[in-house]
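J.: Chains as they are written, first to last, in the numbering used here: chain A, 25 to 306; chain B, 8 to 458.
Even glycine gets a Cβ: it sits at the ideal position worked out from N, Cα and C.
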Amino acid sequence: MRRRFTAMASPCEVLVDTDDRAHGLAIAAIAEAEARRVETKFTRYANSPLSRLNAAAGTAVTVDTEMAELLDFAACCHALSDGRFDVTSGVLRRAWRFDGSDRIADPLLIAALLPLVGWEKLTWRRPVLTLRPGMELDFGGIGKEYAVDRALVLAARAAGAPLLVNLGGDLRASGPRAGGTPWQVAIADVDDTAARAGRLALACGALATSGDAHRYVERGGRRYGHLLDPRTGWPIDCAPRAVTVAAASCLEAGLLAKLALLAGADAERFLAAEGLRAWCLR
Amino acid sequence: MQLTRLNRGVQPALAAATASLLANCGAHAEDEAENAFVDSGLLFYQESDRVRAIEPNLNFNYDFGGGELLSLGFVADSVTGATPLGAVAAPVKQTFIRPISVKSNSSTQTVTSASGGATVVTIPPPPGSPAATIVAASTTVGANRLPLDQGFNDTRYAGTLGWVEPITPDLKLSLGGAYSSEQDYRSLSGNLGLAQDFNAHNTTVSLGVNYENDRSSPIGGTPTPFASMSGSWKNGNRSKDEINALVGLTQVMSRRWLTSFNYSYAWSNGYQTDPYKLVSVVDGTTGLPGDYLYENRPDKRRKQSVFWENRIHLPSDVVDVSMRYYWDDWSLRSFTIEGRYRFVFDGYYAEPLVRWYRQEAASFFRYYLVQSQALPQYASADTRLGNFDATTAGVKFGLQLDKSSELNLRVAYYLQQGDNHPAGAVGQLKNQNLFPDLDAVSVVVGYSFAF
């Protein structure tokens with residue numbers, strides 16, 4: 025049973041391995057509802073709780089438990105990445121437009137934005153958050169993966185059947201399909217969305233991909249990927265074009281893929297040192 | 008490119024952070040997580056032929072969110088039975104006496120009635136003396152029997168209060184206090200602690216200080232140390248102050264292994280003698296008792312201990328191994344090693360426990376004193392300060408009743424073995440068991456739930 029929908033500006037699907045169509049649909053609906061709930065809460069747009077938090081920059085705001093837990097998680101990711109993964113780096117998008125053109129950012133604009141970037145510049149005393157005026161939080165780096173994990177865990181709790189949740193290519197399976205066969209997952213080619221670079225078998229756990237397949241600028245034969253180093257405001261040098269990582273949860277897979285990209289030229293070495301099942305496309 | 012941290016491996020920390028983030032899955036969408044937790048238990052403790060205790064306890068924790076945590080605890084225990092007086096056995100009947108009441112012209116004080124086979128004796132003062140009439144309980148112990156205080160009966164109530172306040176996401180302050188009261192003892196304490204997390208919550212360093220004030224108001228008054236046993240009413244309460252400092256380190260070694268180490272230093276000053284314990288003074292040749300003196304311990308004590316615990320989470324089971332070494336300036340030394348293994352099944356668990364303890368005696372521990380010899384500076388015949396080994400074996404069963412409640416049962420057997428026939432025993436004491444084995448069974452029924 026497959027249910028497709030669009031969320032987070034991406035094609036999504038929930039697969040439930042059951043012959044009972046009504047039950048399958050009910051399970052898929054739980055996953056979809058959770059994905060939409062997370063999207064609504066953590067989108068930067070509309071009048072979301074996150075956008076209201078950003079709008080209140082400069083004042084101390086008491087956040088709810090879920091926001092607090094995500095902030096704790098973001099703090100942990102920041103520490104683990106030596107500052108290279110930072111949920112405050114979203115404002116740098118104002119300087120960079122990764123539209124495939126040859127327009128690179130204005131160094132003066134980057135210099136002006138950098139004071140608004142950096143986890144250490146905000147004050148987080150759970151449950152009270154104080155952003156500097158102009159700072160913004162962006163859970164783009166973890167929000168979708170979080171939605172996959174939550175949607176899967178909640179739906180799996182209600183399901184008596186194996187299922188897989190796929191939100192725009194970041195996915196997680198509750199276990200092997202009925203009969204013990206693994207799920208077949210396609211990895212998209214970085215240059216052509218329709219083509220498939222490969223197929224792989226996933227029995228349980230998660231896969232997440234991070235990369236700049238369609239979001240880059242190119243100038244002087246040099247490609248600038250959309251992943252920015254929050255410490256400099258510039259794209260990571262020599263980063264792979266895409267990294268796919270398999271891990272127990274989608275959050276872990278997504279973070280590890282991003283950490284690999286952030287490692288730039290050392291991406292493969294990082295993946296090998298971590299002993300990960302991963303695919304690195306250059 | 009600096010990759011030092013990455014090369015150490017980020018996965019364990021990331022997995023832990025993810026597990027923590029997803030732990031409350033399901034809680035946010037519909038309702039908030041449970042934040043009140045109640046843990047209750049009832050302990051039954053029985054030593055063969057000696058003390059019996061029944062102890063109900065209740066603990067309540069409330070999580071205000073954001074790391075603020077309130078805890079309240081309450082314990083009541085009722086202890087009855089017989090405790091060793093400290094005197095050694097002899098091949099003759101021995102009679103012991105303790106005051107139970109004092110009468111003077113102006114007032115009468117009665118603290119307890121004679122019980123446990125004791126008889127009340129009334130000793131009037133000599134004619135013309137202003138002294139009070141002595142009313143005492145007298146107990147006679149048969150030949151070759153360990154002298155026990157049969158009338159032991161006490162009820163204790165204790166309460167604790169604690170608060171945890173996060174100062175920063177990585178720094179927690181804790182404050183607490185405790186009060187405990189029984190007929191002849193009162194204890195009051197306050198503590199302050201700080202715990203700082205480092206290294207993405209993988210390392211925690213904690214510091215704590217505790218101050219305790221105890222007041223001892225023995226039934227029949229506080230005897231003068233080394234005075235001969237008597238039925239006359241003594242005067243006065245005594246107090247003791249203790250300051251304890253602790254430094255601890257907890258480290259997540261891997262996703263499955265948690266280790267913690269702590270060091271504790273305590274300094275106490277005040278009355279640390281047991282007002283009910285006696286020391287027999289025996290004849291240097293025959294070993295027969297001639298006198299019974301109230302014991303005498305130093306006023307000051309410096310205690311130190313180190314503790315190391317490892318907890319390993321196997322795919323489903325949990326192993327816990329801990330060790331403790333204790334030493335103090337009374338020359339008491341002890342070593343404890345404990346191992347627990349939790350077998351986790353679907354909906355229930357079984358956790359066997361084994362603990363082994365060895366203690367080396369305090370420098371002033373004496374089974375008895377000898378008449379012809381000079382009195383030492385301090386002496387106690389309390390076997391709790393003696394040389395002994397103790398082994399505990401037990402098992403705990405837990406049954407998950409539903410998502411948020413658990414019923415558990417703990418059963419343990421304790422065996423304490425000292426030196427029954429210490430070298431150099433005098434006269435008839437060669438034939439006496441100077442450190443009878445002590446064994447006890449404890450059963451705890453517990454119920455905990457969250458709401």
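May I ask which residues mark the beginning and end of the alpha helix (DSSP H) holding A91(A)?
T.: Within the first sequence, the letter at position 67 stands for residue 91(A). The sequence shown places Met at residue 91(A), rather than the Ala named in the question. Looking at the DSSP string, the run of the alpha helix (DSSP H) that includes M91(A) is 89-104.
J.: Ends of the beta strand (DSSP E) at R340(B)?
T.: Here residue 340(B) corresponds to residue number 333 of the second sequence, with the count starting at 1. From DSSP, the beta strand (DSSP E) with R340(B) extends over 340-351.
J.: On a CA-only basis, which of L94(A), A277(A), A46(A), D261(A) is nearest T268(A)? Give me that one, please.
T.: The residue given as residue 268(A) occupies position 244 in the first sequence. Selected option, being the one with the closest Cα: A277(A).
J.: Does the segment 267-278 of chain B come close enough to the segment 307-320 of chain B to have 3 or more Cβ pairs within less than 8 Å?
T.: yes
J.: If you draw a straight line from the C-alpha of Q101(B) to the C-alpha of N220(B), how long is it?
T.: Position 94 of the second sequence, counting from 1, holds the residue named residue 101(B). Position 213 of the second sequence, counting from 1, holds the residue named residue 220(B). Straight-line Cα distance between these residues: approximately 37 Å.
J.: Hey, out of Y218(B), Y333(B), A202(B), whose CA is closest to V254(B)'s CA?
T.: As a working note, residue 254(B) is residue 247 in the second sequence. If we check each option's Cα against that of V254(B), A202(B) comes out closest.
J.: Identify, in the order they occur along the chain, each residue of the same chain with its Cβ nearer than 7 Å to the Cβ of R12(B), setting aside the five sequence neighbours on each side.
T.: One-based indexing of the second sequence puts residue 12(B) at position 5. Residue placement at R12(B) is flagged as unreliable, the pLDDT there being 41, under the threshold of 50; the coordinate-derived value follows with that caveat. The answer is none, since no qualifying residue turns up.
J.: Measure how close the beta-carbons of I141(B) and P106(B) come, nearest whole angstrom, since I'm counting them as under 8 Å.
T.: Along the second sequence, one-based indexing puts residue 141(B) at 134. Along the second sequence, one-based indexing puts residue 106(B) at 99. Correct: roughly 7 Å between the Cβ atoms.
J.: Excluding the 5 residues flanking S239(B) on each side, which residues of the same chain have their C-beta closer than 7 Å to its C-beta?
T.: Mapped onto the second sequence, residue 239(B) falls at position 232. So the list reads P106, I141, once near-sequence residues are dropped.
J.: Report the residues of the segment 150-177 of chain B with a CB closer than 7 Å to any CB of chain A, ordered along the chain.
T.: P173, T175, P176
J.: Rounded to a whole number of angstroms, what is the C-alpha to C-alpha distance between S455(B) and G48(B)?
T.: The sequence position of residue 455(B) within the second sequence is 448, counting from 1. The sequence position of residue 48(B) within the second sequence is 41, counting from 1. Spanning the two alpha carbons is a distance of roughly 8 Å.
J.: 8 Å is my cut-off, CB to CB: does A22(B) come that close to chain A?
T.: In the second sequence, the residue the question calls residue 22(B) occupies position 15. Closer than 8 Å: yes.
J.: In whole angstroms, give me the CA-to-CA distance for N251(B) and T231(B).
T.: Working through the second sequence from its first residue, we reach residue 251(B) at position 244. Working through the second sequence from its first residue, we reach residue 231(B) at position 224. Between N251(B) and T231(B), the C-alpha separation is close to 28 Å.
J.: I need the boundaries of the beta strand (DSSP E) containing H320(B), first residue and last residue.
T.: Here residue 320(B) is taken as the residue at index 313 of the second sequence, counted from 1. Segment 307-320, the beta strand (DSSP E) holding H320(B).
J.: By DSSP, does I226(B) sit in helix, in strand, or in coil?
T.: Here residue 226(B) is taken as the residue at index 219 of the second sequence, counted from 1. Note: I226(B) maps to coil in three-state DSSP.
J.: With DSSP collapsed to three states, give me the class of N483(B).
T.: Absent from the model: residue 483(B). The displayed extent of chain B is 8 to 458, so no value can be given.
J.: Step through the CB atoms of chain A and report whether any lies within less than 8 Å of the CB of T211(B).
T.: Along the second sequence, one-based indexing puts residue 211(B) at 204. Not one chain A Cβ lies under 8 Å of T211(B).
J.: Using a Cβ-Cβ distance under 8 Å, would R149(A) count as near chain B?
T.: Sequence index remark: in the first sequence, residue 149(A) carries index 125 (1-based). Yes, because at least one Cβ of chain B sits closer than 8 Å to the Cβ of R149(A).
J.: Is there a Cβ of chain A sitting closer than 8 Å to that of R263(B), yes or no?
T.: Here residue 263(B) refers to the residue found at position 256 when the second sequence is read from its first residue. R263(B) does not count as touching chain A.
J.: If you run the structure through DSSP and keep just helix, strand and coil, what is A125(B)?
T.: Sequence index remark: in the second sequence, residue 125(B) carries index 118 (1-based). Coil, per DSSP.
J.: Let me check understanding here. Comparing Cα to Cα, which of A287(A), R255(A), L283(A), A52(A) lies closest to L138(A)?
T.: For this step, residue 138(A) is matched to residue 114 along the first sequence. Answer by Cα proximity: R255(A).
J.: Work out the CA separation of L445(B) and A121(B) for me, nearest whole Å.
T.: Translated into positions along the second sequence, residue 121(B) becomes position 114. Translated into positions along the second sequence, residue 445(B) becomes position 438. With a pLDDT of 46 at A121(B), under the threshold of 50, the modelled position of that residue is not reliable, and the figure given next carries that caveat. Answer to the nearest angstrom: the Cα atoms are 26 Å apart.
J.: Would you decide whether V152(A) is buried or exposed? Buried here means 16 or more other CB atoms lie within 10 Å of its CB.
T.: Within the first sequence, the letter at position 128 stands for residue 152(A). Flag for V152(A) reads exposed.
J.: Could you tell me the distance, in whole angstroms, from the CA atom of L92(B) to the CA atom of R365(B)?
T.: As a working note, residue 92(B) is residue 85 in the second sequence. As a working note, residue 365(B) is residue 358 in the second sequence. Rounded to whole angstroms, L92(B) to R365(B) spans 23 Å at the Cα level.
J.: Got a sec, what are the start and stop residues for the alpha helix (DSSP H) P19(B) sits in?
T.: Within the second sequence, the letter at position 12 stands for residue 19(B). That run of the alpha helix (DSSP H) goes 18-29.
J.: Could you tell me whether the Cβ of V17(B) comes closer than 8 Å to any Cβ of chain D?
T.: In the structure shown, chain D does not exist; the protein chains are A and B.
J.: Which of the residues in the segment 196-208 of chain A, read from start to end, lie with their CB under 7 Å from any CB of chain B?
T.: Result list empty, no residue passes.
J.: Just to confirm the assignment: which complete beta strand (DSSP E) runs, minimum length 3, are found wholly within the segment 218-276 of chain A?
T.: 220-226, 229-235, 240-243, 246-249, 266-271
J.: Within 10 Å of its beta-carbon, does M260(B) have 16 or more other beta-carbons around it, so buried, or fewer, so exposed?
T.: As a first step, residue 260(B) must be located in the second sequence, where it is residue number 253. Exposed is the call here.
J.: Of all the CB atoms in chain A, is at least one closer than 8 Å to the CB of A207(B)?
T.: Here residue 207(B) corresponds to residue number 200 of the second sequence, with the count starting at 1. So, interface residue.
J.: Where S379(B) and A397(B) are concerned, what is the direct C-alpha to C-alpha distance, given to the nearest angstrom?
T.: Looking up residue 379(B) in the second sequence gives position 372. Looking up residue 397(B) in the second sequence gives position 390. About 34 Å.
J.: C36(A) CB to nearest chain B CB: under 8 Å?
T.: Taking the first sequence and counting its residues from 1, the one referred to as residue 36(A) is at position 12. Answer no: the Cβ-Cβ gap between C36(A) and chain B never drops below 8 Å.
J.: Report the residue from G72(B), F81(B), G215(B) whose alpha carbon sits nearest the alpha carbon of E62(B).
T.: In the second sequence, residue 62(B) corresponds to position 55, counting from 1. The shortest Cα separation from E62(B) among G72(B), F81(B), G215(B) belongs to F81(B).
J.: Please classify N427(B) as buried or exposed, where buried requires at least 16 neighbouring CB atoms within 10 angstroms.
T.: Taking the second sequence and counting its residues from 1, one reaches residue 427(B) at position 420. Classification for N427(B): exposed.
J.: Is there contact between the segment 142-162 of chain A and the segment 194-205 of chain A, where contact requires at least three CB pairs shorter than 8 Å?
T.: Contact annotation: the segment 142-162 of chain A does not touch the segment 194-205 of chain A, with fewer than three C-beta pairs closer than 8 Å.
J.: Return the residues of the segment 169-186 of chain A that lie within a Cβ-Cβ distance of less than 8 Å from chain B, sorted by chain order.
T.: Within the segment 169-186 of chain A, contact with chain B at the beta-carbon level (separation under 8 Å) is assigned to Y170, D173, R174, V177, L178, R181.
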